[in-house]
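Following: one structure in structure tokens, then a few remarks.
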Amino acid sequence: MGQDGAHSHGTESSHGRLAVALTLSAVILVAEVIGAIVTGSLALVIDAGHVLTDVGGLALALVASSLVRRPPTSKRTWGFGRAEVLSATAQAAVLLAVGLFVLVQGIQRLITPTPVASNQLLVFGIIALVGNVASLVVLSARRSANFNLRAAFLEVMNDALGSLAVIAASIVISLTGWTRADAVAALLIGALILPRSLILLRDTVDVLLESTPRGLDLNSVRKHLLEQPHVRAVHDLHATQIATGLPVLTAHVVVDDECFYDGHASAILDELQVCVAEHFSVAIEHSTFQLERAVHGAHERDTHQ
């Protein structure tokens, strides 16, 4: 099987695993909503809200795994890669709202505790945990295959930790009668939500603002390019990220004049592209270099480093 066939098979495998994980998470969500109504547990309400955002995330990942197979067009030259970033930004905003709700409600329940049906809470907590473990098993085999599967695995892992917090709260309430354990569990779940949402929001906003991809030092890139034979200067160096795993780089590179007469310019271009694709921790396969003579700078209106 050729590389295209192998890639297609891998994408289809990812799509199928995401579909199974989404189905299991949806079942968990329904169970936790019913459980929250039956038990009156804030922790279960919060965990259900957590699962709801994760169901949305898995659904977006599933859609992205379908869209990524669509070829670029003259209208969308990068395909639908940026749609993943936009949806992730929206998801981060929802997660922040849920996290803030957790803080407010958790503190209120700590001050004024309410009765919680601990036995039923334990049952629904176990149901949620079993479903989350099943999803983890489905996703674990290929969790490093691509961004969608890595993100989905982390989503479900956080859900499993939330379910453990619910189970712990139900046991504490059953043994001691301390109903504030429900609020403590809710606050612990919130502690899982807020950092993740802030990190996700930071990463997606960086992409939308076309910041340099995380882990790539442009000063090191410039220094390495200048070390290549016949390269005299580098300016207008830009590195951005279209979507996860899709960094791009452009630069104007001043080379020796004779390179344009002896046919060496083509070899320099090859060397520059191999350099940024293989030398750095962030592999840049989409690079564009404009090779220039030193006198060309006089024809450019504005250049910058």
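Residue numbering for the sequence shown follows this note's numbering, starting at 163 and increasing by one per position. Where a beta carbon is used, it is the ideal one built from N, C-alpha and C, also for glycine.
- Per DSSP, reduced to three states, the secondary structure at residue 378 is coil, with no helix or strand assignment.
- Under DSSP, residue 431 shares a beta bridge with no residue.
- For the 9 Å CB-CB criterion, residue 391 and residue 444 do not form a contact.
- Less than 9 Å divides the Cβ of residue 254 from the Cβ of residue 359.
- Residue 317 carries a helical assignment under DSSP once its states are collapsed to helix, strand and coil.
- For residue 404, the three-state secondary structure derived from DSSP is strand.
- With 16 or more other Cβ atoms inside 10 Å of its own Cβ, residue 194 counts as buried.
- Beta bridge pairing from DSSP links residue 414 with 397 and 452.
- According to DSSP, residue 409 shares a beta bridge with 403.
- The DSSP-derived three-state label of residue 332 is helix.
- Annotation: residue 177 to residue 439 spans about 28 Å, alpha carbon to alpha carbon.
- Judged by DSSP in its simplified three-state form, residue 185 adopts helix.
- In the three-state reduction of the DSSP assignment, residue 371 falls in the coil class.
- Residue 390 sits in coil when the DSSP states are folded into three classes, being neither helix nor strand.
- Distance from residue 354 to residue 320 at the Cβ level is roughly 5 Å; contact confirmed, criterion being Cβ atoms closer than 8 Å.
- Here DSSP, grouped into helix, strand and coil, assigns residue 339 to coil.
- By alpha-carbon distance to residue 395, the top candidate from 428, 458 and 403 is 458.
- Residues of the same chain with a CB within less than 7 Å of the CB of residue 334, apart from the 5 flanking positions on each side, are 340 and 343 in chain order.
- Below 8 Å, too few C-beta pairs join the region 217-228 and the region 272-292 to call them touching: fewer than three.
- Judged by beta-carbon spacing, residue 278 lies within the 9 Å limit of residue 201, meaning their Cβ atoms are closer than that value.
- Contact between residue 247 and residue 374 is absent: CB atoms are separated by about 15 Å, not below the 8 Å threshold.
- Per DSSP, residue 251 is one residue of the alpha helix (DSSP H) stretching across 243-273.
- The residue from 356, 399, 208 and 330 with its alpha-carbon nearest to that of residue 267 is 208.
- DSSP, read as helix, strand or coil, puts residue 201 in helix.
- Between residue 387 and residue 415 a beta carbon distance of about 7 Å is seen, short of the 8 Å cut, so the two are scored as contacting.
- Apart from sequence neighbours up to five positions away, the residues of its chain that approach residue 213 with a beta-carbon distance below 7 Å are 187, 190, 191, 194 and 321, ordered along the chain.
- Beyond the five residues adjoining it in sequence on each side, residue 210 comes within less than 7 Å, by CB distance, of 191, 194, 195 and 198 in the same chain, given in chain order.
- Secondary structure of residue 444 (DSSP, three-state): coil.
- Under a 10 Å Cβ-count criterion, residue 299 is classified as exposed, with fewer than 16 other Cβ atoms of the shown protein chains found around its own Cβ.
- Residue state for residue 425 is assigned as coil, using DSSP reduced to three classes.
- Each residue's CA atom was taken as its position, placing residue 281 and residue 318 some 24 Å apart.
- Of the residues assessed, residue 406 falls on the buried side of the cut-off, its CB having 16 or more other CB atoms within 10 angstroms.
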